[in-house]
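Colleague:
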Amino acid sequence: MINQQMINPRSIAVIGGSDDIQKPGGKVLKNLIDHNYQGNLYVVNPKLDKVQGVNSFREVSKLPETDLAILAIAAKYCPEAVEVLAKQKNTRAFIILSAGFSEENEAGAALEQQIVATINSVNGALIGPNCIGVLNQNYSGVFTTPIPRLDARGCDFISGSGATAVYIMEAGVPNGLTFSSVYSVGNSAQMGVEDILQYLDETYNPKTSSKVKLLYIESVNKPEALLKHARSLINKGCKIAAIKAGGSEAGSRAASSHTGALANSDAAVDALFRKAGIVRCYSRSELATVAAVFMHPPLVGKNIAIITHAGGPAVMLTDALSNGGFDVPHIEGSKAEALLTKLYPGSSVANPIDFLATGTAEQLGHIIDACENDFNHIDAMCVIFGSPGLTPVYDVYDLLDEKMSSCKKPIYPILPSIINVADEINHFLAKGRINFPDEVTLGNALSKVFNTPLPESKVAELPRVDTVKIRSIIDASVNGYLEPKQVQELLDAAGIPRAGEAVVSTEIDAVKQAESLGFPVVMKVVGPVHKSDVGGVVLNIKTKEQVVAEFKRMMQIKDTIAILLQPMLSGTELFAGAKKEDKFGHMILCGLGGIFIEVLKDVQANLAPISTDEAKNMIQNLRSYKIIQGVRGQEPVNETIFAEIVSRISVLCQTAPEIFEMDLNPLLGKKDQVVAVDARIRIEK
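For the sequence shown, the working numbering gives the first residue as 75, with consecutive numbering after it.
#1: Could you check the C-alpha separation between H383 and N739 for me, to the nearest Å?
#2: Where in the segment 681-744 do unbroken runs of the beta strand (DSSP E), each at least 3 residues long, occur, reported from the N-terminal end onward?
#3: What does the Cβ neighbour count give for N194, buried or exposed, with the cut at 16 atoms within 10 Å?
#4: Whole-angstrom Cβ separation of I380 and C445, contact assumed at under 8 Å?
#5: What is the DSSP secondary structure of S480, reduced to helix, strand or coil?
#6: Could you check if P96 is buried or exposed, using at least 16 other CB atoms within 10 Å of its CB as the buried criterion?
#7: Ends of the beta strand (DSSP E) at I570?
#8: Beta-carbon within less than 7 Å of G569's beta-carbon, same chain only, minus the 5 sequence neighbours each way: which residues are those?
#9: Going straight from the alpha carbon of Y171 to that of G202, what length do you get?
#10: According to DSSP, is D656 helix, strand or coil?
#11: Going by DSSP in three states, R538 sits in which element: helix, strand or coil?
#12: Would T515 and S396 qualify as a contact pair, given that the criterion is a beta-carbon distance under 8 Å?
#13: On the criterion of 16 or more Cβ atoms from any shown chain inside 10 Å, does I458 qualify as buried, or is it exposed?
#14: Could I get the ranges of all uninterrupted alpha helix (DSSP H) runs contained in the segment 590-644, with 4 residues as the minimum, in chain order?
#15: Looking at the strands, I want to know which residues DSSP matches up with C229.
#16: Between H332 and K104, what straight-line distance do the alpha-carbon atoms span, to the nearest angstrom?
#17: Tell me which residues share the same chain as S326 and place their Cβ nearer than 6 Å to its Cβ, disregarding the 5 neighbours each side in the sequence.
#18: Which residue marks the beginning of the beta strand (DSSP E) containing F131, and which one marks its end?
#19: Pull up the distance between the alpha-carbon of F400 and that of S339, whole angstroms please.
#20: DSSP three-state label for R348, please.
#21: Nearest to I442 by alpha carbon, out of L413, P419, G460, A431?
#22: Less than 8 Å between the CB atoms is what I'm expecting for P220 and F253, so what's the real figure, rounded?
#23: Is it the case that the segment 156-167 contacts the segment 253-263, given that we only count it when at least three CB pairs across the two stretches are under 8 Å?
#24: I'd like to know whether the C-beta atoms of A143 and I206 end up nearer to each other than 8 Å.
#25: Would you say K163 and E139 are within 8 Å of each other, going by their C-beta atoms?
#26: Which of helix, strand or coil does DSSP assign to L556?
#27: Under the rule that 16 or more other beta-carbon atoms within 10 Å means buried, what is R132, buried or exposed?
#28: Helix, strand or coil: which one does DSSP assign to E647?
#29: Below 6 Å CB to CB, which residues in the same chain sit around S698 once its five sequence neighbours on both sides are set aside?
#30: Could you work out which residue in K285, A149, E154, L209 is closest to A183 when comparing CA atoms only?
#31: From what residue to what residue does the beta strand (DSSP E) around A87 run?
#32: Have a look at the DSSP bridge pairing and note the partners of R545.
#33: When the Cα atoms are used, what is the spatial distance from I427 to S421?
#34: Mapping DSSP to helix, strand and coil, what is Q678?
#35: Within 10 angstroms of its Cβ, does Q264 collect 16 or more other Cβ (buried), or is it exposed?
#36: Thinking F347 and A299 are a contact (beta carbons under 8 Å), I'd like their distance in whole angstroms, please.
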């Protein structure tokens with residue numbers, strides 16, 4: 075865990091510091107000096123007594139006691155240096171910049187493990203190896219640039235990649251984004267992204283801590299911890315955005331069910347982020363823009379006024395906002411007409427509010443005041459103001475800064491002329507403001523933020539299931555797909571409604587059970603995975619003679635071991651299922667069923683456990699939701715029952731973690747019931 079020596083060291087030793095600032099050891103020392111580290115600073119260099127004006131020691135053993143050691147020496151020398159520092163110099167915080175460890179080969183991994191064991195033995199903290207270091211308001215312990223303006227109100231940024239951390243800072247800093255701290259965890263030998271997030275959560279102070287957290291993750295090693303601490307921070311008032319890279323390979327994993335085919339580790343990351351309330355981003359610029367949105371007051375509605383003196387950007391922004399679920403509502407009435415009299419002829423206040431290329435700072439002030447005070451249906455403003463470079467626009471940007479301070483509604487400045495009025499933009503940024511140079515990038519980022527739901531703030535009440543019965547069935551089962559009778563018993567124990575059914579292996583039993591269930595019936599093969607593909611499903615059988623004929627035919631189908639009979643039911647075909655995903659637990663999915671799941675692949679996923687409210691949110695976010703609501707006279711599906719089934723599946727999987735895959739496909743939904751008519755459950759103990 076992060077300790078005080080890492081956060082605010084009284085002394086720092088750079089092991090491998092040099093005068094050559096083109097090497098990591100030289101550059102990190104220069105950054106510490108240039109950014110006014112206030113503690114005692116030491117260097118270890120075997121050839122020099124002074125390095126960049128700092129006292130240097132020829133050996134680590136000659137150092138005085140030091141809180142933090144930053145190592146920039148060859149990997150093979152690091153274990154011995156760490157041993158001396160930890161055991162003789164009372165060092166409890168280590169940043170290892172050096173590469174050549176587990177990312178390279180087994181020998182490097184062994185060195186890394188040796189270092190971690192030493193540091194753990196003294197209850198120390200390690201960042202790295204193979205990282206760029208740590209930045210915070212107390213010291214600049216990185217060997218890279220840029221060094222952003224460090225501000226308690228800026229972002230806390232944790233990155234699994236040092237180079238990516240640099241590039242994300244480069245994407246944000248020119249637009250005015252500030253940082254409170256930056257952690258580059260590298261190989262995460264002792265602490266990874268989740269561990270740093272845990273520290274930020276457990277030490278969070280609403281008065282002094284940053285409220286914005288940014289993450290770059292290449293591997294989610296502790297999903298439960300990430301979910302717990304991200305959700306905790308967001309419920310405390312923080313905002314979190316993250317990139318999870320490297321997910322595309324996961325889809326290649328073979329699976330034998332619909333759920334298995336649709337669920338993979340990247341889908342699990344999506345589900346985890348949604349459950350936690352994390353805004354997922356897919357590029358450096360997107361992450362930096364979402365972070366900049368976080369730095370503005372939160373949106374409380376979806377009605378946006380676009381204020382512009384250039385038509386094209388306003389049109390593109392309108393498209394981006396509309397596609398993201400926002401409204402750019404029409405503005406009219408007496409107050410709109412009054413505003414129009416204060417603008418040049420040819421201006422428009424209909425929204426976008428276009429006050430022409432000749433518009434002035436005074437006119438911009440009138441427009442913002444009207445949007446703030448007169449147009450009650452407006453929730454926020456996007457202000458587009460660039461320049462062809464003919465005249466200075468300091469007065470416009472000063473006015474914009476003043477209005478951003480006084481208005482309660484958020485104002486997002488889009489200042490696209492980053493060359494023509496670079497001085498004026500820098501003047502604006504120096505006031506602590508942030509610029510969004512591209513209107514579409516802003517519109518897309520606003521949409522991501524606005525459409526990411528907050529996590530549940532309290533422990534949700536989950537449906538009750540027959541735990542004893544579930545465990546007895548699972549404990550008595552073997553690996554593979556359960557027999558139909560076991561599936562029926564599990565569904566009953568979980569409280570999941572199902573159609574009446576019978577499994578038969580003789581013609582006589584087939585006729586007897588069909589008469590008992592009541593005609594018409596459905597007959598399905600037991601054995602083949604995808605019954606429809608092999609002609610193993612027959613609907614609407616109305617006579618004993620049909621039962622006998624279909625029984626004889628279906629028993630000849632390859633892998634068939636029996637026949638399942640069910641009463642013929644009707645309704646909208648739905649799907650629900652579960653898949654156990656390594657480290658993440660069970661992913662629960664729902665959507666339209668039958669052939670629709672294969673054609674549309676329109677599913678929503680979440681991680682167990684899932685409350686009925688979370689399940690309803692999943693259902694309502696389906697692209698096909700209008701079908702579930704009932705369109706063109708079709709009977710709607712009972713969403714409450716469907717959501718409860720999804721929630722019960724999640725509780726079933728928590729009670730029986732041996733469930734590897736589970737399909738309920740189809741469920742048949744009507745306005746008064748949702749019933750499972752086909753189910754498969756695969757066990758892996």
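Every residue gets a Cβ at the ideal spot worked out from N, C-alpha and C, and that includes glycine. All values derive from a computational prediction rather than experimental measurement.
Modeller: Put simply:
#1: Sequence index remark: in the sequence shown, residue 383 carries index 309 (1-based). Sequence index remark: in the sequence shown, residue 739 carries index 665 (1-based). H383 and N739: Cα-Cα distance of roughly 55 Å.
#2: Assignment of beta strand (DSSP E) within the segment 681-744, counting only whole runs of 3 or more residues, yields 733-743 in chain order.
#3: Position 120 of the sequence shown, counted from the first residue, corresponds to residue 194. Its Cβ having fewer than 16 others within 10 Å, N194 is exposed.
#4: Taking the sequence shown and counting its residues from 1, the one referred to as residue 380 is at position 306. Taking the sequence shown and counting its residues from 1, the one referred to as residue 445 is at position 371. Incorrect: roughly 10 Å between the Cβ atoms, too far for contact.
#5: Residue mapping note: residue 480 aligns to position 406 of the sequence shown, counting from 1. Here S480 sits in helix by DSSP.
#6: Here residue 96 refers to the residue found at position 22 when the sequence shown is read from its first residue. Correcting the residue identity first, residue 96 is Gln in this sequence and not Pro. Exposed, since its Cβ has fewer than 16 Cβ neighbours within 10 Å.
#7: What you label residue 570 is simply residue 496 of the sequence shown in a count that begins at 1. Careful: I570 lies outside any beta strand (DSSP E) and carries neither H nor E.
#8: Here residue 569 refers to the residue found at position 495 of the sequence shown. Only P537, V539, R722 meet the Cβ criterion.
#9: Mapped onto the sequence shown, residue 171 falls at position 97. Mapped onto the sequence shown, residue 202 falls at position 128. Residue 171 is actually Leu in this sequence, not Tyr. Cα-Cα distance, rounded: 7 Å.
#10: As a working note, residue 656 is residue 582 in the sequence shown. Coil.
#11: Translated into the one-based positions of the sequence shown, residue 538 becomes position 464. In this structure, R538 counts as coil in the three-state DSSP scheme.
#12: Counting from 1 along the sequence shown, the entry for residue 515 is found at position 441. Counting from 1 along the sequence shown, the entry for residue 396 is found at position 322. Cβ atoms of T515 and S396: not closer than 8 Å.
#13: Start at 1 with the first residue of the sequence shown, and residue 458 comes out as number 384. Result: buried.
#14: Fully enclosed alpha helix (DSSP H) runs of 4 or longer: 618-628.
#15: Residue numbering aside, residue 229 sits at position 155 when the sequence shown is read from its first letter. Per DSSP, F253, V286.
#16: Stepping through the sequence shown from its first residue, residue 332 is reached at position 258. Stepping through the sequence shown from its first residue, residue 104 is reached at position 30. Note that H332 scores 43 on pLDDT, short of 50, meaning its location in the model is unreliable; the coordinates nonetheless yield the value given after this. The straight-line gap from Cα to Cα measures roughly 57 Å.
#17: Sequence index remark: in the sequence shown, residue 326 carries index 252 (1-based). Any reading at S326 must be qualified, since the residue scores a pLDDT of 34, below 50, and its modelled position is unreliable; the value itself is stated next. In its own chain, leaving out the 5 sequence neighbours on each side, no residue places its CB closer than 6 Å to the CB of S326.
#18: By one-based count along the sequence shown, residue 131 stands at place 57. Segment 128-131, the beta strand (DSSP E) holding F131.
#19: Locating residue 400 in the sequence shown gives position 326, where the first residue counts as 1. Locating residue 339 in the sequence shown gives position 265, where the first residue counts as 1. Looking at the two C-alpha atoms, the distance is approximately 31 Å.
#20: By 1-based counting over the sequence shown, the position of residue 348 is 274. Note: R348 maps to helix in three-state DSSP.
#21: On the sequence shown, position 368 is the one that residue 442 refers to. The candidate whose alpha carbon is nearest that of I442 is L413.
#22: Sequence index remark: in the sequence shown, residue 220 carries index 146 (1-based). Sequence index remark: in the sequence shown, residue 253 carries index 179 (1-based). For a cut-off of 8 Å, the C-beta gap from P220 to F253 is around 10 Å, too long to register as a contact.
#23: no
#24: For the purposes of this step, residue 143 is identified with residue 69 of the sequence shown, where counting begins at 1. For the purposes of this step, residue 206 is identified with residue 132 of the sequence shown, where counting begins at 1. No, they are not a contact pair.
#25: Here residue 163 is taken as the residue at index 89 of the sequence shown, counted from 1. Here residue 139 is taken as the residue at index 65 of the sequence shown, counted from 1. Contact flag set, yes.
#26: Here residue 556 corresponds to residue number 482 of the sequence shown, with the count starting at 1. Three-state result, L556: coil.
#27: Along the sequence shown, read from residue 1 onward, the residue named residue 132 stands at position 58. Its Cβ having fewer than 16 others within 10 Å, R132 is exposed.
#28: Taking the sequence shown and counting its residues from 1, one reaches residue 647 at position 573. Three-state DSSP puts E647 in a strand.
#29: Residue numbering aside, residue 698 sits at position 624 when the sequence shown is read from its first letter. Only L666, D676 meet the Cβ criterion.
#30: Within the sequence shown, numbered from 1, the residue matching residue 183 stands at position 109. Cα-wise, what sits closest to A183 is A149.
#31: If you number the sequence shown from 1, residue 87 lands on position 13. Where A87 is concerned, the enclosing beta strand (DSSP E) stretches over 85-89.
#32: Within the sequence shown, residue 545 is the residue found at index 471, counting from 1. Beta-bridge pairing links R545 to no other residue.
#33: Numbered from 1 along the sequence shown, position 353 holds the residue referred to as residue 427. Numbered from 1 along the sequence shown, position 347 holds the residue referred to as residue 421. The straight-line gap from Cα to Cα measures roughly 8 Å.
#34: Numbered from its first residue, the sequence shown carries residue 678 at position 604. Residue state, collapsed to three classes: strand.
#35: Taking the first residue of the sequence shown as 1, we reach residue 264 at position 190. Answer is buried; the Cβ neighbour count reaches 16.
#36: For the purposes of this step, residue 347 is taken as the residue at position 273 of the sequence shown. For the purposes of this step, residue 299 is taken as the residue at position 225 of the sequence shown. Contact flag wrong, Cβ pair sits at about 14 Å.
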